[in-house]
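Asks: Structure incoming, see below.
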Amino acid sequence: MYTLRTLPGDDVRQIMWRFAERFDLQMSVQSARSIARTTVAKLVAEGARDTHEWTEQKGELLTAFDQAGLTALFMDPHQGGFIEGPKNLALALVAFELAWVDAGAATSSLASCLALAPIHEKGTPEQRDKYMSACVPPQPGEDREIWRGAFALTEPLPYVGVDTGVLCGKATVAEWNNGEEPMLQVDKRGRFITNMDFANFVTAAVESNDERIKGTFMVILEEGDEGTFDRGAPTLKMVHQLSSTRDPVLNLKVPASRIIGGYDVVDGVIVPKYNHSEIIGAVFHRTRIPVGLMTSAKLLSAVEPVIRYHRNRFRGGDACKEGSPRYDKGLQINEDALQRLADVWAAGEAGCSLAFAAARLADRFDPIEKAKEAHFESEGVTSIRKQMAVLRKLHDQVREFIKLEYAPAGTRDEARYNELLSDTLVQYAYMEALAGVLNPGVKLWNTGEGANKMREAVALVGGYGITEDCPGFLMQKWTDCQLEATYEGPEAVQRRHLTMTMTSDIFGCIMENWITQMRRAGQDVPGLGGYVLAAAMELWQWTLGHLQEAKDQDGRKLYHNKRQGVTFPMADALGWILGPYFLACDVMELMEKGPMSMTLAEGLDDLTGFYKDLCHVQAARAAGEVARICSELVYGFNWNRCPTPDGGIAEKCEPELKSKDECAQDGTLGDQSKCSRPELVRFRELKATVDMCLAGSRLAKDRAGNALAEVMIPEALDYPQG
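In this text, residue positions in the sequence shown follow this note's numbering: the first is 5, and each later residue adds one.
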């Protein structure tokens, strides 16, 4: 047994989330936390969430963000920022701290970054420097107003609200005089557009309604442009009320130089460098990560308020005397209260581990992606199809790198590893395949399952959970989860994305090496849940391969983009796997680096024991979900399978297979080892392995729950309540 002395602090998080050596990130965390637990908490406690309108009171947030340096977080130093290089991890950490108190405030902080993201990712150098610099707060002596932006993608139903490939925003040529820059007339109606109350510019997605303009693109619209810049009516949302959301109407004349990324003129036609899908893909490749993280932050923020509530409950009455278990522990004398909270905590940790892993990968991927583009441009390979053909030829090298990447320290060929590590195209292919799974995986699992677990957290404080003065603002956090599940693409969009990326050969190789890694962890780190996680991964991978080859009784392929009853559940199953895998990696990082921390050295074994149990709990839950989903898909599309559930034998295994009489004649009747479908025998073996590897998982939950009964918490939350 072990004792969890206190709730984890920065010394633990910095190691697990890999920013112990980043002083700049630590300062950003402290700045965001200070605002969250003062300005933001005060606004929520005072009822600022009770109105749809953007009020002067809510405007205090923007001033606080400016003064704390959070507004400039997205910019490079030459643009007025203070962090050089990619900032995905920085933005994720800030989102985590703000969402700990209120996700609407986190959205307000990130919304300008989202507006700038199309310009940052695909804009011309001139566009990047102009708008990024304008959005930095003025320094002493500067005579200018700060600019703020809005990202206008979503349009009124039935358009982009359901499909980002369809646009109702239109662009035509307004004027095009010889020797002069073309002027465009842009007509755009937005829906659920954040920051519109105070945005000075909008990055909008539109399509051509003029034969002199080709395709779709994104364009920058400014409030001073000629025409209509109507901010629109406030969106009557019931969540994220500390962010501004309106439905704008924009009809403006703008120069063609506002087309994001620039354009060429080919045979008298304006041809944008990038279509809107290319820009959105580059943006959402990264910006979905903080949104998923917001939900997981809420789960971790709920732990302390729930413990406090449980310990103070049932202290009254003559039978409850000070020093008695009932007085000291309250509801925590009951196993149910402890173990349900352990489930909430484990889900929060898994979601955070996944999201921060995705953010770190995005930071590594950004320069690799730019280097890839520069390489192909220098080689004259501009066609996406030709680039993909070149990358496909490198699959053997990529697989070789993956095996070296996940090999145990001291066992790999370091010279070859470093050679492949420095190969831009190999690294791009590897990271692109991994990011293609992690980024939608974060958004799908964290917000979907996170919303379910947040409901559990609310339920853990009983009737108090639905009151305005509920500790930790749990009710508000639960309702906010509903928007996060749809923000930047609802769950169906993420599932669709995953169905295309999780079948890649490269990700398949990554999964194979994860399985080997977790088996090794099962042996080297007892109690972590490595074995059960490896078994679940192997079952999932086998099922995916089976479904890609199998057909239904009508001869139709099972794994097809139109058969979302097959593909979507497999995406959900993968989402369950990702969180505990990265949590296991983070726990092993804590075990390795923790002894070097002066503040953690004492009591580290107790701390890591608790984290191993949380990981084991979440791995077991994930394995159960994976086994359920895979069983439904493998057996659910096969009819009259022998033997029948009542112990009999079906008349026919399948239409094209042997009948019962034929099985009786050749001696295979009821003998599954001689079945004409031996692959299903393999599935049963894999599923049985998952079941057996669940050994000890409930003991882990017992230990984690018992630790929650002993952990010390502060006398009061460190931010005001209602």
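Virtual Cβ for every residue (Gly too), placed ideally from N, Cα, C. Please read these numbers as outputs of a predicted model, since none were measured by experiment.
1. From R523 to A538, what does the alpha carbon distance come to, in whole angstroms?
2. On the DSSP bridge list, what partners appear for P12?
3. Count the other CB atoms within 10 Å of the CB of L502; is the residue buried (16 or more) or exposed (fewer)?
4. Using 8 Å as the Cβ pair cut-off and three pairs as the minimum, do the segment 113 to 132 and the segment 283 to 303 touch?
5. Going straight from the alpha carbon of I514 to that of G467, what length do you get?
6. Between the C-alpha atoms of L38 and G549, what's the straight-line distance to the nearest angstrom?
7. Could you have a look at I311 and say whether DSSP puts it in helix, strand or coil?
8. Quick check: the segment 594 to 608 against the segment 367 to 382, are there 3 or more CB pairs under 8 Å?
9. Buried or exposed: which applies to H314, given that a residue is buried once 16 or more other Cβ atoms fall within 10 Å of its Cβ?
10. Can you check which of these residues, N181, H56, D484 and G469, is closest to G1 by C-alpha distance?
11. Apart from the five residues on each side of it in sequence, which residues of its chain come closer than 6 Å, Cβ to Cβ, to R499?
12. How many Å lie between M592 and Y585 at the Cα?
13. Which residues in the same chain have their Cβ closer than 7 Å to the Cβ of P294, if we skip the five residues on either side of it in sequence?
14. Assuming contact is defined by CB atoms lying nearer than 8 Å, are N92 and A363 in contact in what I supplied?
15. Let me check one thing: in DSSP terms, what residues is D191 bridge-paired to?
16. Let's test the definition: count the other Cβ atoms within 10 Å of the Cβ of R75 and tell me whether it reaches 16, buried, or not, exposed.
17. Would you check if the distance between the CB atom of M431 and the CB atom of L425 is smaller than 8 Å?
18. For Y267, which of A301, G533 and R216 has the nearest alpha-carbon?
19. When you compare the CB positions of L188 and F205, do they come within less than 8 Å of one another, or not?
20. Quick one: any contact between the segment 340 to 356 and the segment 614 to 625, if contact means 3 or more CB pairs under 8 Å?
21. Between the C-alpha atoms of F23 and D14, what's the straight-line distance to the nearest angstrom?
22. The beta strand (DSSP E) with S35 in it runs from where to where?
23. Taking the alpha helix (DSSP H) that M435 falls in, what are its first and last residues?
24. Closest to F69 by C-alpha separation, out of N565, T42 and D229, would be which residue?
25. With respect to the beta strand (DSSP E) encompassing F236, which residues constitute its N-terminal and C-terminal limits?
26. So V105 packs on A40, CB below 8 Å; how close in whole Å?
27. What residues in its chain sit with their C-beta under 6 Å from that of P160, if we drop five residues either side in the sequence?
28. DSSP has M716 in a bridge; who is on the other side?
29. Determine, using beta-carbon pairs with one atom in the segment 446 to 456 and one in the segment 411 to 429, whether at least three such pairs fall under 8 Å.
30. In whole angstroms, give me the CA-to-CA distance for I717 and T10.
Replies: With the structure as the only source:
1. Roughly 6 Å separates the two Cα atoms.
2. Beta-bridge pairing links P12 to no other residue.
3. So L502 counts as buried.
4. They touch, by the three-pair rule.
5. The alpha-carbon atoms of I514 and G467 are separated by roughly 46 Å.
6. Leu is not the amino acid found at residue 38; the sequence shown has Ser there. So the alpha carbons of these two residues sit roughly 49 Å apart.
7. It is helical.
8. Not touching, per the Cβ criterion.
9. So H314 ends up on the buried side.
10. Residue 1 is absent from the structure shown; the chain starts at 5 and stops at 726.
11. Cβ within range, chain order: F572 and A575.
12. Going by the C-alpha atoms only, they are around 11 Å apart.
13. Hits under 7 Å: L95, A96, A99 and L114.
14. Cβ distance < 8 Å, so N92 and A363 count as in contact.
15. Answer is K174 and N255.
16. Note that residue 75 is Thr in the sequence shown, not Arg. Buried.
17. Strictly speaking, residue 431 in this sequence is Gln, with Met absent from that position. Between Q431 and L425, the C-beta gap is smaller than 8 Å, which places the two residues in contact.
18. Ranked by Cα distance from Y267, the options A301, G533 and R216 are led by R216.
19. Not in contact: L188 and F205 (Cβ atoms no closer than 8 Å).
20. These segments touch.
21. Those two C-alpha atoms are separated by around 10 Å.
22. From DSSP, S35 is part of no beta strand (DSSP E) but of the alpha helix (DSSP H) over F27 to I39.
23. DSSP places M435 in the uninterrupted alpha helix (DSSP H) bounded by T428 to G445.
24. That would be T42, whose Cα lies nearest to the Cα of F69.
25. According to the sequence shown, residue 236 is Gly rather than Phe. For G236, the enclosing beta strand (DSSP E) stretches over residues E230 to P238.
26. V105 to A40, Cβ: 4 Å. Contact.
27. Annotation for P160: R193 and R195 place their beta carbon closer than 6 Å to its own, counting only its chain and skipping 5 residues before and after.
28. The beta-bridge partner set that DSSP reports for M716 consists of T10.
29. Because the criterion of three Cβ pairs below 8 Å is not met, the segment 446 to 456 and the segment 411 to 429 do not touch.
30. Here the alpha carbon of I717 sits roughly 6 Å from the alpha carbon of T10.
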